[in-house]
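Numbering (the working numbering), first residue to last: 55 to 419. Each residue gets a CB set at the ideal place from its N, CA and C atoms; glycine is no exception. Quick caveat: nothing in here was measured; it's all calculated off a predicted structure. Worksheet: one structure, shown below.
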């Protein structure tokens, strides 16, 4: 099939959707265009805009060899293709130990080209390492400041890090990265990890947040979901997004080993999810917080349901669901009881029909 025609088939039936308020920054990752069904970035931009995607992450460099600079790094027409269609366009690179200053130059050049943010991807090559990791992020942070000083980037240009969704298993030094970045993007690839993880999305995202925090993360956490094999339904992806927050993103745009049939799944995702609803919000994760009183508790407590219809679920620290109850619009406060459950940490999720998912961590004495 002609690639331009294929692009139009993706765009025209769905119509251009209006962009949600600034609090929605749901994104998509592009590895490289040659494996997709598109000839130009304008065609990709049209398709993503029609779905309601708010941000795209474009690979612009690789740390090897010496490092390798991709043509996308200096292509201002590429950036304009996305920005003219209402998308934020960020750059990303895969990085290795050594040559830190040379690798970090990609951020400076990306800012000059017009990219609005940069993500550093660090994985197995840095497992257990401290000095090379610190050197790399110091170099990237310095280049970001240089780009701001030289007028190529504004104060809103952000530097993020993406790496493992389970960094402790990789002896990964999150605390060394935290001072240099504006946010973390854990690769919480539950689709790859297995069906049991997909069935407990709220729990595993919360566990990821707790793990990053325990390893020294103080900056916002925005999870990436894998969408490569069709192992997650649109409903499950929506739930992942609701649990993760307004800067959730999907790896990756179909092409190559990711079948193009998954575009239908992309079409059925709620890209216009409302993250501007009123209520208490965790500034670190963007998650809505459920009011729980008292907390800590001896077992009995209340949540402020605000007269919302929905479902309340509670998991223990091992990911076992121990409680499930419906809530109706006639109830402002709902009384709950952990019964004979032992002392410890529990996670609450309140899925509301009105405005998504609310979260809470319960401490039982």
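- Leaving aside the five residues that flank residue 168 on each side, the residues in its chain whose CB is nearer than 6 Å to its CB run, in chain order, 130 and 133.
- DSSP links residue 113 through a beta bridge to 146.
- Rounded to the nearest whole angstrom, the C-alpha separation of residue 149 and residue 393 is 49 Å.
- The Cβ atoms of residue 404 and residue 412 sit closer than 8 Å to each other.
- The C-beta distance from residue 378 to residue 399 rounds to 19 Å, too long to fall under 8 Å, and the pair is not in contact.
- By the criterion of a C-beta distance shorter than 8 Å, residue 79 is surrounded in its chain by 108, 109, 142, 300 and 301, once the five residues flanking it on both sides are discounted.
- Per DSSP, residue 393 lies in no alpha helix (DSSP H) and is assigned neither H nor E.
- Inclusion of residue 135 and residue 123 in the CB contact set at 8 Å is not warranted, their separation being larger than that value.
- For residue 381, the enclosing beta strand (DSSP E) starts and ends at 375 to 381.
- Between residue 217 and residue 177, the beta carbon gap of about 6 Å places them in contact (Cβ cut-off 8 Å).
- Note: residue 239 is bridge-paired with 216 in the DSSP secondary-structure output.
- Three or more beta-carbon pairs separated by less than 8 Å are not found between the region 248 to 260 and the region 223 to 233, which leaves the two stretches without contact.
- Under the three-state reduction of DSSP, residue 177 is assigned to coil, being neither helix nor strand.
- Note on the region 220 to 271: whole alpha helix (DSSP H) runs with a minimum of 4 residues are 228 to 231, 244 to 247, 249 to 252 and 255 to 268, in chain order.
- In terms of CA proximity to residue 85, 144 leads the group 144, 205 and 368.
- The DSSP-derived three-state label of residue 318 is helix.
- Relative to the Cα of residue 362, the nearest Cα in the group 386, 159 and 374 belongs to 386.
- For residue 419, the closest alpha carbon among the candidates 410, 396 and 406 is that of 396.
- When the beta-carbon positions are compared, residue 304 and residue 327 stay at least 8 Å from each other.
- Between residue 214 and residue 417, the alpha-carbon positions lie close to 31 Å from each other.
- Residue environment analysis places residue 354 among the exposed positions, since fewer than 16 neighbouring C-beta atoms fall within 10 angstroms of its C-beta.
- The alpha-carbon of residue 388 is positioned some 5 Å away from that of residue 356.
- Two segments are said to touch when three or more pairs of C-beta atoms, one from each, lie closer than 8 Å; by this definition the region 304 to 322 touches the region 274 to 288.
- When the alpha-carbon of residue 284 is set against those of 259, 268 and 307, the nearest one is in 307.
- In the DSSP assignment, residue 296 falls within the alpha helix (DSSP H) that extends over 288 to 298.
- Contact annotation: residue 154 and residue 128 have beta-carbon atoms that are not nearer than 8 Å.
- Burial check for residue 275: the Cβ neighbour count within 10 Å reaches 16 or more, so the residue is buried.
- Within the same chain, 398 and 399 come within 6 Å of residue 371 by CB-CB distance, once the 5 residues on both sides are set aside.
- In the DSSP secondary-structure assignment, residue 203 is not bridged to any residue.
- Secondary structure at residue 84: strand, using DSSP grouped into helix, strand and coil.
- Excluding residues up to 5 positions away in sequence, 255 lie with their Cβ nearer than 7 Å to the Cβ of residue 293 in the same chain.
- C-alpha of residue 212 to C-alpha of residue 171: approximately 5 Å in a straight line.
- The beta carbon of residue 200 sits closer than 8 Å to the beta carbons of 162 from its chain, once the five residues preceding and following it are set aside; these are given in chain order.
- Excluding sequence positions up to five before and after residue 103, its CB lies within less than 7 Å of the CB of 70, 139, 140 and 141, all in the same chain and listed in chain order.
- Residue 241 and residue 180 have their C-alpha atoms roughly 15 Å apart.
- As the crow flies, the alpha-carbon of residue 367 is around 43 Å from that of residue 96.
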